[in-house]
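Residue numbers (the UniProt record's numbering): 1 to 354.
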């Protein structure tokens with residue numbers, strides 16, 4: 001059974017919320033932290049409610065509304081979200097107040113809105129959706145887990161159209177902590193040249209990407225989601241090669257049938273060697289696009305990658321800024337995306353034209 005991508009929406013460090021096929025002009029950064037380009041949230045959220053919402057909630061609501069508008073529906077049959085960090089800003093606010101106020105006279109708002117399922121709940125409240133609502137907090141598999149849940153739900157006939165998304169934010173405190181672990185480059189240069197830097201570290205990112213997945217095609221259908229595969233802590237590159245071969249075979253495909261690769265290259269020399277080995281051994285000469293120099297590295301960045309892939313299939317073009325190697329094929333039927341987060345959480349996502 002095919003799963004149809006009937007609507008997409010993304011709020012990211014690029015201008016992805018302005019209605020263009022991809023973005024009007026690429027945003028180039030010279031820091032190791034990429035923040036989202038905030039649209040005018042008043043078009044979706046009442047002013048009184050905006051005041052009480054943290055950034056990540058507004059990002060999620062905005063991306064969800066963009067995908068629903070594209071799909072031409074107002075209320076989905078269920079909402080499934082994936083987030084690794086949750087509402088970090090609200091968590092930090094509450095913890096700071098606990099210390100400053102010595103645990104006295106604490107207002108509960110920040111605590112209530114700090115839970116990981118807050119975004120899914122807020123979207124449901126705004127839409128008046130009383131159906132299935134679930135949030136996955138599985139580190140680098142958070143978004144992929146949401147996709148797998150949606151696929152099973154649709155195949156069981158429990159729903160016709162589901163709103164599915166992945167989102168994470170970076171805050172001053174979380175960025176400082178992760179920087180201490182050596183995750184980010186100290187001198188990143190321009191984000192546009194990130195993938196040409198073969199040294200340690202990457203750049204931090206954030207964003208929200210939502211999709212309306214359906215059991216049937218509609219006039220708004222952009223692409224098909226053919227399958228999702230997760231591989232946790234593979235022993236070596238050979239395990240990824242074997243998983244890729246079996247994944248393609250399960251969908252009746254060979255490596256030669258893939259028209260475009262999308263990889264999660266992030267400029268870290270150790271992280272990128274996984275992609276180098278994968279492309280060289282399995283897909284020599286295949287055109288390859290990348291996305292983390294556009295959105296940064298974060299656990300649910302595959303949401304941005306899937307947003308890119310769905311729009312590539314819908315418009316049959318790849319932005320020049322996204323191409324890493326090779327020439328864009330004249331016809332793109334099959335896209336295979338491979339991503340890993342911190343070398344432990346590896347995933348494959350197959351998208352096709354419908």
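We treat Cβ as the ideally placed atom computed from N, Cα and C, and that holds for glycine.
Thinking C-alpha only, which one of the options is nearest residue i?
i	options	result
residue 219	192, 354, 32	354
residue 269	195, 101, 326, 256	195
residue 67	168, 228, 164, 180	164
residue 103	95, 109, 110	95
residue 126	61, 93, 166	61
residue 199	33, 44, 184	184
residue 158	83, 188, 76	76
residue 324	350, 272, 349	272
residue 274	19, 92, 346	346
residue 356	210, 59, 99, 276	Missing from the structure shown is residue 356; the chain here goes from 1 to 354 and no further.
residue 89	72, 73, 28, 59	59
residue 192	174, 150, 296	296
residue 351	240, 221, 330	221
residue 179	28, 349, 33	33
residue 174	129, 84, 240	84
residue 55	19, 208, 82, 142	208
residue 281	249, 247, 240, 91	240
residue 248	213, 148, 349	349
residue 187	72, 29, 24	29
So, for residue i: in the same chain, excluding its five sequence neighbours on each side, which residues have a beta-carbon less than 6 Å away from its beta-carbon?
i	result
residue 361	In the structure as shown, the chain begins at 1 and stops at 354. Residue 361 is therefore absent and cannot be evaluated.
residue 133	79, 120, 124
residue 137	116
residue 260	287, 332, 335
residue 215	154, 160
residue 197	267
residue 277	237
Measuring straight from C-alpha to C-alpha, what distance separates residue i and residue j?
i	j	result
residue 190	residue 300	23 Å
residue 177	residue 253	43 Å
residue 313	residue 283	19 Å
residue 31	residue 162	36 Å
residue 355	residue 167	The displayed coordinates of the chain run from 1 to 354. Any statement about residue 355 would go beyond what the structure contains.
residue 217	residue 6	7 Å
residue 338	residue 255	13 Å
residue 251	residue 110	45 Å
residue 328	residue 57	36 Å
residue 86	residue 53	13 Å
residue 105	residue 320	54 Å
residue 243	residue 97	47 Å
residue 118	residue 223	29 Å
residue 318	residue 3	23 Å
residue 258	residue 226	13 Å
What does a CB cutoff of less than 7 Å around residue i pick up in its chain, not counting 5 residues either side in sequence?
i	result
residue 421	Nothing in the structure corresponds to residue 421, since the chain is present only between 1 and 354.
residue 21	311, 315
residue 41	50, 58, 62
residue 144	228, 230, 302, 347
Look up residue i in the DSSP assignment and say whether it is helix, strand or coil.
i	result
residue 311	helix
residue 155	helix
residue 33	strand
residue 229	strand
residue 210	strand
residue 327	coil
residue 172	helix
residue 295	helix
residue 73	coil
Can you find a CB in chain C that lies within less than 8 Å of the CB of residue i?
i	result
residue 210	This model lacks chain C altogether; it includes just one protein chain.
Got a sec? Which residues, its chain only, sit under 8 Å from residue i by beta carbon, not counting five neighbours each side?
i	result
residue 17	9, 10, 11, 37, 39, 62, 63, 66
residue 35	13, 170, 206
residue 340	140, 264, 271, 274, 346, 347
Original post:
With contact counted as at least three CB pairs below 8 Å, one residue from each stretch, are the segment 193–211 and the segment 41–53 in contact?
Top reply: no
Original post:
Just checking, does the segment 280–296 make contact with the segment 250–265 on the three C-beta pairs under 8 Å criterion?
Top reply: yes
Subject >> Inter-stretch contact (C-beta, 8 Å, three-pair minimum) for the segment 302–320 and the segment 230–239 >> reply: Not touching, per the Cβ criterion.
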